[in-house]
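Undergrad:
Protein chains: 2
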Amino acid sequence: MMTNTQKHKTVTIVGTGVIGVGWITRFLANGFDVIATDMAEGAEERMRAGVEQAWPYMKERGLADEASTNRLSFENNMQKAVKHASLIQENVPEREDIKREVLAEIDRHAPEDAIIASSTSGIMPSTLQQDCNNPERVIVAHPFHPVYLLPLVEIVGGEETTQSTIDKAKTVYKQIDMKPLVIEKEIEGHVADRLMEALWREALHIVNDGIATTEEVDAAIIYGAGLRWAQMGPFMTFHLAGGEQGMRHMLKQFGPALELPWTKLKAPELTDELKEKVIEGSEIGAGDLSVAELDKQRNEFLVRLLDLVEEYWPKPQTIMKDE
Amino acid sequence: MMTNTQKHKTVTIVGTGVIGVGWITRFLANGFDVIATDMAEGAEERMRAGVEQAWPYMKERGLADEASTNRLSFENNMQKAVKHASLIQENVPEREDIKREVLAEIDRHAPEDAIIASSTSGIMPSTLQQDCNNPERVIVAHPFHPVYLLPLVEIVGGEETTQSTIDKAKTVYKQIDMKPLVIEKEIEGHVADRLMEALWREALHIVNDGIATTEEVDAAIIYGAGLRWAQMGPFMTFHLAGGEQGMRHMLKQFGPALELPWTKLKAPELTDELKEKVIEGSEIGAGDLSVAELDKQRNEFLVRLLDLVEEYWPKPQTIMKDE
């Protein structure tokens with residue numbers, strides 16, 4: 001974990017459900033001052049309990065020098081809460097009308113140079129920034145549950161967002177030990193949730209068609225591909241599976257399988273242009289490492305991961321009942 | 001890793017490409033005698049080199065008492081190679097005509113009580129067993145690369161396969177430290193590859209539509225959901241995201257999102273029957289653990305996983321170039 005150098009910058013977290021509490025915990029653990037705001041009855045108590053529960057994990061990960069839960073305050077009034085923040089992170093319910101209204105109000109009361117970020121998992125930033133007077137500083141910054149542990153944050157700018165806002169936002173999220181992934185083109189669901197949603201929908205089809213139970217679907221992930229996905233995405237995985245020639249060989253070998261009805265999802269046509277994108281991208285992703293070196297690295301990782309994960313896999317009475 | 005008690009049972013591996021070598025290594029490491037057969041020129045040398053390369057990882061995982069690469073022999077003649085095997089694992093190229101022919105020949109020469117298993121990733125066992133005289137002992141046993149490290153094996157019986165064959169096969173794969181997952185209903189691609197294929201097709205659409213590069217797609221997996229998937233499948237993940245009410249709450253909250261165009265894959269209709277299947281299944285999957293307890297377990301795992309995986313993530317010059 002990074003030691004912060006930004007000396008008590010203040011961020012405001014609007015909406016203190018599970019995602020809001022995740023952000024609060026992560027910012028606190030990295031030495032920030034945090035103001036939380038939420039209109040719901042009992043919100044402060046629930047929020048503080050949530051932070052307390054997550055705090056031991058942050059300690060284990062390593063706290064920033066001046067990190068403290070004493071840097072957390074709660075403010076009922078949202079207008080006041082956002083007044084001195086350098087970044088405001090919005091986490092209200094996932095409804096366009098509510099989010100647009102809240103973001104417009106934040107925009108009216110936040111300092112002019114503050115970044116306003118929405119945690120929305122699905123709505124596009126161009127939609128969300130429409131009612132703001134200073135839409136150029138409004139972005140989507142979509143985190144993953146549990147926010148205090150998972151490092152991914154998708155940053156998406158809308159039509160009105162400036163590049164300097166995106167650059168500043170990246171810097172802040174790096175300061176809280178995250179991996180900011182800037183998505184160039186807005187789409188509903190951004191990128192990560194589209195991938196997960198494809199898998200999720202296929203899983204529902206499999207259960208619906210009586211092919212496997214939910215426990216079996218889960219087992220089909222965690223004992224196989226899931227072990228690889230902690231370290232390697234689908235493209236790099238196929239790059240390795242292609243042997244010395246990597247993705248180039250793989251597309252020749254398994255390209256035709258894209259025509260097979262192996263999922264309910266129709267694949268795009270494998271044009272020369274798409275092939276080149278995929279091959280080049282995989283080679284860039286591999287960096288200086290040959291497939292053999294990547295293979296070795298993955299194996300070392302898997303051996304250590306297996307030792308770790310075996311302690312945490314489901315007990316035999318659940319999946320694989322008769323073991 | 002298990003200590004084997006079966007005293008030098010002999011298995012035969014037909015086809016010694018990457019998957020074949022994976023099987024050979026796993027069986028050897030668990031104390032089996034292995035006969036390998038492959039007609040390709042130079043197959044034995046490549047195969048032995050592959051086993052040597054994988055062996056250090058098996059040592060690190062822990063070898064069975066009498067495990068040794070000296071228990072490996074190579075036999076050019078397939079008919080001889082299968083003659084005394086208790087299980088024959090077929091790994092020839094993924095083409096129906098080739099596999100059917102090879103399996104029929106194995107069937108003619110193997111002992112009558114031997115199990116004949118195909119590693120096919122896509123073809124259904126009812127199709128593969130058609131030309132065999134004793135189709136009742138023919139199954140699909142689909143492993144995942146690298147076979148010597150990933151424990152998942154999907155076992156699928158065809159129309160002619162007997163339950164006792166499936167039971168015997170499960171026992172053997174458990175003896176080599178695998179997690180056999182019996183799939184009740186045959187479909188092309190079985191279960192795990194259908195899930196992966198849905199994600200893979202969506203990833204190709206994302207790259208094809210210029211939303212993100214291949215490196216960014218990979219990053220969107222490994223820094224987020226990928227970290228969870230090593231320990232928890234999609235259903236259990238949503239069960240936890242639903243708070244105390246688990247999946248029941250989750251389907252109420254995010255069911256409507258299935259209508260959104262968040263992927264190119266159309267979701268099944270969320271009927272009452274499907275809802276009940278998914279809710280009940282998630283509750284069975286949770287076993288005796290409450291959502292709060294599962295949450296705690298996942299967090300402990302993630303903290304330890306993060307420490308481990310950070311060493312193995314791509315170097316900054318590849319993904320997230322400017323770090």
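Residue numbers (UniProt numbering), protein chains in the order written: chain A, 1 to 323; chain B, 1 to 323. In this text, a Cβ means the ideal position worked out from N, Cα and C, and glycines have one as well. From a predicted model like this one, the values you see are computed outputs, not experimental measurements.
(1) Based on the DSSP output, what are the partners of B/A36 in its beta bridges?
(2) Okay, do the segment 254–267 of chain B and the segment 210–227 of chain B touch, 3+ Cβ pairs below 8 angstroms being the bar?
(3) Confirm the yes/no value for this check: CB of A/L28, any heavy atom of the ligand GDP, distance under 7 angstroms.
(4) Taking Cβ positions only, does B/K266 come closer than 8 angstroms to chain A?
(5) Going by alpha carbons, who is nearest to B/R194 out of A/A192, A/E202, A/E105 and A/A110?
(6) Please list, in chain order, the chain B residues whose beta carbon lies closer than 8 angstroms to that of A/G189.
(7) Count the other CB atoms within 10 Å of the CB of B/G189; is the residue buried (16 or more) or exposed (fewer)?
(8) Run through the DSSP bridge pairs and tell me what B/F179 is partnered with.
(9) Determine whether the Cβ of B/K99 lies closer than 8 angstroms to any Cβ atom of chain A.
(10) Alpha carbon to alpha carbon, how far is B/A40 from B/V21? Give it in angstroms, no decimals.
(11) Can you grab the Cα-Cα spacing for the pair B/K83 / B/Y57, in whole Å?
(12) With distances taken from CA atoms, which of B/I116, B/E66 and B/N76 is nearest B/S86?
(13) Which chain B residues sit within Cβ distance under 7 angstroms of A/D193?
(14) Checking contacts by CB at 8 angstroms: is B/G246 closer than that to chain A?
(15) State the Cα-Cα distance for the pair B/G246 and B/K277, rounded to the nearest angstrom.
(16) State the CB to CB distance for the pair A/A230 and B/L227, rounded to an integer number of angstroms; the pair is presumed to be in contact (CB under 8 angstroms).
(17) Drop a sphere of 10 angstroms on the beta-carbon of B/Q163, count the other beta-carbons inside from all chains shown, and report buried for 16 or more, exposed for fewer.
(18) Can you check which of these residues, A/P125, A/D38 and A/L306, is closest to A/K185 by C-alpha distance?
(19) In chain B, which residues lie with their C-beta within 7 angstroms of the C-beta of A/H205?
(20) Answer with yes or no whether the minimum CB distance from A/F218 to chain B is below 8 angstroms.
(21) What's the C-alpha gap between A/E269 and B/N208?
(22) Run through DSSP, which three-state label would A/E101 get?
(23) Based on Cα-Cα distance, which residue from B/R304, B/G281 and B/K315 lies nearest to A/L150?
(24) Classify A/R95: buried if its beta carbon has 16 or more other beta carbons within 10 angstroms, exposed otherwise.
(25) Select from the segment 229–244 of chain B all residues with a C-beta closer than 7 angstroms to any C-beta belonging to chain A, and list them in chain order.
(26) Taking C-beta pairs closer than 7 angstroms, name the residues in chain A that B/A51 reaches, listed in chain order.
(27) What number of angstroms, rounded off, separates the C-alpha of A/V92 from the C-alpha of A/I98?
(28) Output the distance between the C-alpha atoms of A/L152 and A/H145, rounded to the nearest integer angstrom.
(29) Run down chain E in chain order and give the residues with a C-beta less than 7 angstroms from the C-beta of B/N299.
(30) Can you grab the Cα-Cα spacing for the pair A/E105 / A/C132, in whole Å?
(31) Closest Cβ-Cβ distance between residue 325 of chain B and chain A: below 8 angstroms?
(32) Which runs of the beta strand (DSSP E) fall wholly inside the segment 95–140 of chain B and span at least 3 residues, in chain order?
(33) If you measure from the beta carbon of B/R304 to each beta carbon in chain A, is any gap under 8 angstroms?
(34) Between the beta-carbon of A/Q89 and the beta-carbon of A/I13, is there less than 8 angstroms?
(35) Given a threshold of 16 other Cβ atoms within 10 Å of its Cβ, counted over all protein chains shown, does B/K80 qualify as buried or as exposed?
(36) Does the beta-carbon of A/G158 have 16 or more other beta-carbons within 10 angstroms, so that it is buried, or is it exposed?
TA: Let me spell this out:
(1) B/I13 and B/F74
(2) no
(3) The ligand GDP is not among the ligands present in this structure, which contains no ligands whatsoever.
(4) yes
(5) Nearest to B/R194 by C-alpha distance, out of A/A192, A/E202, A/E105 and A/A110, is A/E202.
(6) Neighbours of A/G189 on chain B, chain order: L260, W262 and T263.
(7) buried
(8) Strictly speaking, residue 179 of chain B in this sequence is Lys, with Phe absent from that position. For B/K179, which the question treats as bridged, DSSP gives the partners B/L152.
(9) So no, B/K99 is outside the interface.
(10) 14 angstroms
(11) If you take the alpha carbons of B/K83 and B/Y57, they lie about 31 angstroms apart.
(12) B/I116
(13) W262
(14) no
(15) 14 angstroms
(16) 5 angstroms
(17) exposed
(18) A/P125
(19) P268
(20) The question names Phe, but residue 218 of chain A is Asp in the sequence shown. Closer than 8 angstroms: yes.
(21) 9 angstroms
(22) helix
(23) Nearest option by C-alpha distance: B/R304.
(24) A residue is called buried when at least 16 other Cβ atoms come within 10 angstroms of its Cβ; A/R95 does not meet this threshold and is exposed.
(25) Of all residues in the segment 229–244 of chain B, only W229, A230, Q231, M232, G233, P234, F235, M236 and A241 place a beta-carbon less than 7 angstroms from a beta-carbon of chain A.
(26) Checking the displayed sequence, the identity of residue 51 of chain B turns out to be Val instead of Ala. Result: empty, since nearest Cβ-Cβ is about 14 angstroms, beyond 7 angstroms.
(27) So the alpha carbons of these two residues sit roughly 7 angstroms apart.
(28) Each residue's Cα considered, the two are about 10 angstroms apart.
(29) Among the protein chains of the structure shown, namely A and B, there is no chain E.
(30) Looking at the two C-alpha atoms, the distance is approximately 8 angstroms.
(31) This structure cannot speak to residue 325 of chain B, because chain B is shown only from 1 to 323.
(32) 115–118
(33) yes
(34) yes
(35) exposed
(36) buried
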